Every structure is written in C-alpha cells, then in structure tokens.
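K.L.:
In UniProt numbering, the protein residues as written are 1 to 407.
I'd like to ask some things about the structure below.
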C-alpha cells in the first residue's frame, strides 16, 4: 500500500447415505446463492496481439472482496468450495450450505403447520446433527461442547419442539464456522490460486471502479493510466483512506475513530486541506456533523456521500477508456498466464490428509447433486416433482443423535 501511495504522490508533482449418515431433505436443497448480476453496464472491444476481448463497464462490484459478498455469490462460492476442498475442510462449507437449505425449508412451513410437517423438519435437523455436529461423525465440524450440547437439547430433549426453536437451533454453530471463515480461511482463499481464478472470471467480463480498488496490482495500473490531474489523484487517495477507515472503525475506540475521521477530513475536505477535493459548503457542513456527533463517535458512513461523488467522477472520466486499453487487457492475459503456470503441489505421500475428519472430494456425487439441485431450484429450473419432494415427509428411519459425551 505504501508503494501505491508513493506512486500517487509522484503523479502529483481489491435411502442414500454419505459417511454413514442418511441424506436429509435439507441436503437436497443445499443453499446456493444466485450469481451476481449487473444491468447497468457498457461494453468495450479490445484487441492486442491478435487477442479480441469484450469487457464491460460496470457500476457495481463483482469481485468477492468480503466474506458476506462471497457467501451470497454462487460463482465466487464455487471457487471457495474448491479452495476448502484443497484444505480438507469441505465439511465446513457443506454444513453451512445444508443449514441454509434447512432454514429455507423451515420458512415454507406455516406457524400453525401440522405435526407431520414439523416432524419432517425435525428429521432433517437430526440428520444435520448426526452428520456435522456429533463428535464421532467422520464429517464433524468440531464445534465446542457447549454448542453441541445446546443443539442436542433443542432437537432431542425438548418435546414438543417449537418451530422458532427449530429454525434457529444451528445459529451458534453457524456463527462458529463463520468466525473460522472470517479469521482464517477467507484470507487464505484470497491469497490462493482459486481466488485468482475467481478474479479472472470476473475481470475477463469487465469491471467497476470498486473492483479496481479491491485489487492493488490492478489499481497500480489504473494509477499509471490516469491522466496527470491533481484532484483526481487526491480522490483516489481518499477512496483508499476511506476504505481503510470503514474496515477498521469497528475495532477502534471512540477517540481513535474520531482521530482517523478528522485526519481524512483535514487532508481532503477542510478549508485548509493539503490534498483538496471540492465538495461544496452544504456537504462539508453535513460531513462535519457526521464526524463530530453528540456521542463523540463518528458515523461509520460519514464519508459515504463524498465517496460516491469521487467514485462516480473517476468512473465516468476514466473507466470506459481503461477497460478498452492495452494495459487492462495485458493485466488479464498476465493473470491467465499466472494461473496456468501455478503448480498444485502433491500432498505428502500422495494422499489426502484427514485433518480430523474424512471429507469427501468435490467429485462426491451426493454433494455435486445437491449443489446443482439447489442452484437450479433458485433459478426456477427444478421440476415440480423435485421441488415438492423437499417438503414431503421422509420415508426412512432416523437414528436419534447420541448424547454428547461429558468431559
């Protein structure tokens, strides 16, 4: 980041079983978010050294630069699944998707549903428990004992089970897995070849200024592409600083957050700004009130309007030319070459390590089937017979989860 800021300164002067368990109805409707779409975009044709590419100018970001975006985007999630498989942690995302599917099915059950409908949901919940929560399961996600015990009590020991309790019984386990994704696996994914493949898939179709800001190497190329214009360079520097402020404010004390906000304000928007960006007197007054609030803590979205103004200006002035440039196409070609030259190192002894659980590969027929079945369901392609089967009562027996061991 320092190298980028230095460049900016110089210019001024991103009954079937699996693992021994029955596959529940919730497995059949594994949650698969829809692929992101953008209806406000323009196209550009590019030709360099015989290559012809068609890129689009987009208004909204398409790169999964946060965990929330990743989990809501089907195409990005597919690469994350491949990454987790390479880490022998496929069971984590399978659990997440199965629970999302279970919650979706619960939303279709009326509050005054009959006993049969609720019993079917209980069967699904117990299947999920047996497959992922139970300590001795080969697909266990190894949640803490207190979480395991709480889930056991809610879906086994409580009778009758209320719909509201059943719908939220896996929330603590999902929070536990989300923390693992947030603090470890998502950052590792961003540094992997799988994220590069996601980046190539997105940027080969086009990009937005948001996407450029998410990829430092691409942002450096964009900086070089920009015309020598002091205020435009100031805007890009502000967007970088604003992004850092918004990402870190939750971890800052009130006085630290205020100091950071004031530093940005003083540098770019005050009457004595050293890197001035013109926003007009009314917006400056509004910005000051959002920073200097009554409780002493600046609002998280204090710079939102200023940020939008800068993004719109840079996007309108530069983006169409940039995606039509040789520099952008060269970046895409270099990214493709980098992926092709990446070597997947074999695991020790040429075998998959167990890492505490026996996780099937992505070619596993059950997971592949449920993955695509739910994607088709979201896209309205599932046949009525398949869709209706997810709400029917299972025709199989279900073993009661074992009582968690005491430690």
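Just so you know, even glycine gets a beta-carbon here, dropped at the ideal spot from N, CA and C.
Keep in mind that this is a model prediction, so the values were computed, not measured.
Classify residue 244 as helix, strand or coil using the three-state DSSP reduction.
P.N.:
What you label residue 244 is simply residue 244 of the chain shown in a count that begins at 1. Helix at residue 244.
K.L.:
Helix, strand or coil for residue 139 per DSSP?
P.N.:
Counted from its first residue, the chain shown places residue 139 at position 139. Note: residue 139 maps to coil in three-state DSSP.
K.L.:
If you follow the alpha helix (DSSP H) that residue 97 is in, where does it begin and where does it stop?
P.N.:
By 1-based counting over the chain shown, the position of residue 97 is 97. Start and end: 90-106.
K.L.:
Which residues mark the beginning and the end of the alpha helix (DSSP H) in which residue 328 is found?
P.N.:
Position 328 of the chain shown holds residue 328. 326-340 is the span of the alpha helix (DSSP H), which, as asked, contains residue 328.
K.L.:
With a threshold of 16 other CB atoms inside 10 Å of the CB of residue 97, please say whether the residue is buried or exposed.
P.N.:
As a first step, residue 97 must be located in the chain shown, where it is residue number 97. Its Cβ being crowded by 16 or more others within 10 Å, residue 97 is buried.
K.L.:
In whole angstroms, what separates the C-alpha of residue 307 from that of residue 237?
P.N.:
Position 307 of the chain shown, counting from 1, holds the residue named residue 307. Position 237 of the chain shown, counting from 1, holds the residue named residue 237. Spanning the two alpha carbons is a distance of roughly 11 Å.
K.L.:
With 16 as the cutoff for other CB atoms within 10 Å, does residue 188 come out buried or exposed?
P.N.:
One-based indexing of the chain shown puts residue 188 at position 188. Looking at its Cβ environment, which holds fewer than 16 other Cβ atoms inside 10 Å, residue 188 is exposed.
K.L.:
Is the beta carbon of residue 287 sitting closer than 8 Å to the one on residue 302?
P.N.:
Numbered from 1 along the chain shown, position 287 holds the residue referred to as residue 287. Numbered from 1 along the chain shown, position 302 holds the residue referred to as residue 302. For residue 287 and residue 302, yes; Cβs fall inside 8 Å.
K.L.:
Do residue 327 and residue 221 have their C-beta atoms within less than 8 Å of each other?
P.N.:
Within the chain shown, numbered from 1, the residue matching residue 327 stands at position 327. Within the chain shown, numbered from 1, the residue matching residue 221 stands at position 221. Yes.
K.L.:
Ignore the nearest five residues each way along the sequence and tell me which others in residue 413's own chain have a CB closer than 8 Å to its CB.
P.N.:
A question about residue 413 goes unanswered here, because the residues of the chain that appear run from 1 up to 407.
K.L.:
Taking all protein chains shown into account, do 16 or more other C-beta atoms lie within 10 angstroms of the C-beta of residue 62, making it buried, or fewer, making it exposed?
P.N.:
For the purposes of this step, residue 62 is taken as the residue at position 62 of the chain shown. Its Cβ being crowded by 16 or more others within 10 Å, residue 62 is buried.
K.L.:
So, for residue 305: in the same chain, excluding its five sequence neighbours on each side, which residues have a beta-carbon less than 7 Å away from its beta-carbon?
P.N.:
Taking the first residue of the chain shown as 1, we reach residue 305 at position 305. Once the five neighbours on either side are set aside, the close Cβ partners of residue 305 are 283.
K.L.:
Run through DSSP, which three-state label would residue 175 get?
P.N.:
Start at 1 with the first residue of the chain shown, and residue 175 comes out as number 175. Reduced to three states, the DSSP call for residue 175 is helix.
K.L.:
Please name the residue, chosen from 340, 161, 135, 141, that lies closest to residue 115 on a Cα-to-Cα basis.
P.N.:
Here residue 115 refers to the residue found at position 115 of the chain shown. Here the closest residue by C-alpha is 161.
K.L.:
What are the boundary residues of the alpha helix (DSSP H) that residue 255 is part of?
P.N.:
For this step, residue 255 is matched to residue 255 along the chain shown. It spans 254-268 - the alpha helix (DSSP H) in which residue 255 sits, taken as one unbroken run.
K.L.:
Given that a residue counts as buried once 16 or more other Cβ atoms are within 10 Å of its Cβ, and exposed if not, what is residue 281?
P.N.:
Reading the chain shown from its first residue, position 281 is the one you call residue 281. By the 10 Å Cβ count, residue 281 comes out exposed.
K.L.:
Are the beta-carbon atoms belonging to residue 83 and residue 204 less than 8 Å from one another?
P.N.:
The residue given as residue 83 occupies position 83 in the chain shown. The residue given as residue 204 occupies position 204 in the chain shown. Not in contact: residue 83 and residue 204 (Cβ atoms no closer than 8 Å).
K.L.:
Let's see if you can read the secondary structure: which residues bound the alpha helix (DSSP H) around residue 306?
P.N.:
For the purposes of this step, residue 306 is taken as the residue at position 306 of the chain shown. Here the alpha helix (DSSP H) through residue 306 covers 304-314.
K.L.:
Going by Cα to Cα distance, which pick from 147, 127, 342 is closest to residue 139?
P.N.:
As a working note, residue 139 is residue 139 in the chain shown. If we check each option's Cα against that of residue 139, 127 comes out closest.
K.L.:
Taking buried to mean at least 16 other C-beta atoms within 10 Å of its own C-beta, is residue 198 buried or exposed?
P.N.:
The count along the chain shown starts at 1 and reaches residue 198 at position 198. When all chains shown are included, residue 198 counts as buried.
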